[in-house]
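Everything below concerns the one structure shown next.
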Amino acid sequence: MDKRTWEEAKIGEELGSIQYKLTSEDISRHLLGIEDDNPWYVQESPFGGPIAPPLITNSQYERLYASHFSDGQAFFHAKTEVEITNPLFLGKLITVRGSITDKYIRRERKYIVLETTVTDEDGREISRSKNSLASIRKFPG
Amino acid sequence: MKMPLDKLIEGYELPSITKKVTFDKMRTYEGWPNIKNIHSDDEVARGVGLPRAVCRGNMFLAYVSEMICNVFEEYWLKGGKLSANLLVPVFSGDTVTAKGEITQKTREGSDISFDIEVWVENQRHEKVAVGSASLKVPQQ
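Top to bottom, those sequences are chains A and B. Mind the numbering: the first sequence is residues 1 to 141 in the working numbering, read in order. Mind the numbering: the second sequence is residues 142 to 281 in the working numbering, read in order.
What follows is the structure in C-alpha cells.
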C-alpha cells in the first residue's frame, strides 16, 4: 500500500486494524525499560495468571498510523487519554483498531488525533485510547 | 488493597516514584537494535529535527501508572483512566518523578470513586506531563 502524508489524512478515516501477539519477551523488554517489578506481571495476579503492564498497548496507535502514513516518525506524543478496561493476559492475540478523529494546525505544528481500541482474541476490550500527536518540526505560515 | 480506604482521603499525596532515564532503558523499551526510531537512535532523531533520541511519553506515563497501582492495585488495572498532556521532552540523563494527589473521593452507587491529579517532573522541577486519573473501588 502506498503510504500517504499528514496532508492527505482525513478526519473520520478508519485505519483498519493490526494484530499481534504479546510475548513474554515484549513484556520483559517493557518492564526492564520502565523498571517496574510488580510481581503480577510475571506470576499470579488477582485476575488469575500474570498480566501485561497496563500501558503496554498504549503506543499501538503509532503502528496503526505508520501502516497508512509515511511521516509517523515526525510526531511528538502530545496528549493521551486511556481507559484500562480489562487486564491483558500473555499469549493472547491482540487486535488494535483505530481511526483519525481530528486533524489541525496549532502554533505552527501539525496535529493528528487517533482513537484506538485494543481487544484480545476472546473479544474482551483491553483498552481504549485517544492520542494526540504534534509534528516535531514547525510549519510557519 | 494495602492501604485502608478510609486513609485515602482528598489531599492524600500518593507516594511518588523517581526514576533515572537512561539511553539503555530507552533502547530496551523500544526493542533496539531491531527497532530504530526517534526514541532509540540519535541519528534517526536528528533526522527529524531533534537534538538526540527522545524518551517515549508512554515510558514515563508508565511511572504514573505504577505510582497509582502501588496504592490502588487491582482497581487501577481494571477500570482505571488516565489523561495527560505531555509538555516537555524527556531525554536520557533526565531524572523524572511521578506525583499524584487525590482531589476527589465520592460515593457512586456501591463504589467509591477517586479522582487523582497527576504530574511528572524532571530534575529541574519542570512539569513534563500533567493530567488526571480516576478509578473506582468497591465499598468494603
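Glycine residues also receive a C-beta, built at the ideal position from the N, C-alpha and C atoms.
query: Contact check, B:G221 vs A:P54, beta carbons under 8 Å; result: yes
query: Per-residue contacts from B:E207 into chain A (C-beta, under 8 Å); result: I34, D36 and N38
query: Bounding residues of the beta strand (DSSP E) (the contiguous stretch that carries B:W260); result: D252 to E262
query: Close beta carbons around A:S17, own chain, < 7 Å, minus the five adjacent residues each side; result: T95, V96 and R97
query: A:H77, DSSP secondary structure in three states; result: strand
query: Segments of 3+ residues assigned as beta strand (DSSP E) that fall wholly inside the stretch 13–64 of chain A; result: 14–21
query: 8 Å Cβ cutoff met for A:E83 and A:R124; result: no
query: CB contact check: B:L218 to chain A, cutoff 8 Å; result: yes
query: Neighbour flag for A:L55 against chain B, beta carbons, 8 Å; result: yes
query: Residue-level contact to chain B via CB, A:I27, 8 Å cutoff; result: no
query: Beta-carbon neighbours of A:D87, restricted to chain B and to distances below 9 Å; result: Note that residue 87 of chain A corresponds to Pro in the displayed sequence, not to Asp. What A:P87 touches in chain B: E215, L218 and K219.
query: For B:E214, the three-state DSSP class (helix, strand or coil); result: coil
query: Residue range of the unbroken beta strand (DSSP E) whose run includes B:G272; result: K268 to P279
query: Proximal chain A residues relative to B:T159, where beta-carbon distance stays under 9 Å; result: None at all; the shortest Cβ gap to chain A is about 11 Å.
query: Delimiting residues of the alpha helix (DSSP H) encompassing B:R168; result: F164 to E171
query: Residue-chain proximity (A:T80, chain B), Cβ-Cβ < 8 Å; result: yes
query: CB contact check: B:S224 to chain A, cutoff 8 Å; result: yes
query: Which of helix, strand or coil DSSP assigns to B:N199; result: helix
query: Opening and closing residue of the alpha helix (DSSP H) in which B:V231 lies; result: Note, B:V231: premise wrong, no alpha helix (DSSP H); not H, not E.
query: Range covered by the beta strand (DSSP E) that runs through B:E184; result: Where B:E184 is concerned, there is no enclosing beta strand (DSSP E), although the alpha helix (DSSP H) it sits in stretches over D183 to G188.
query: Three CB pairs or more closer than 8 Å across the stretch 18–26 of chain A and the stretch 148–158 of chain B; result: no
query: contact_flag[the stretch 234–246 of chain B, the stretch 204–221 of chain B] where n(CB pairs < 8 Å) is 3 or more; result: yes
query: Short Cβ contact (8 Å threshold) for B:L223 with B:G272; result: yes
query: Enclosing beta strand (DSSP E) for A:G123 [first to last residue]; result: Looking at the DSSP string, A:G123 is not in any beta strand (DSSP E), and its letter there is neither H nor E.
query: The stretch 251–266 of chain B touching the stretch 66–79 of chain A, judged by at least three CB pairs closer than 8 Å; result: no
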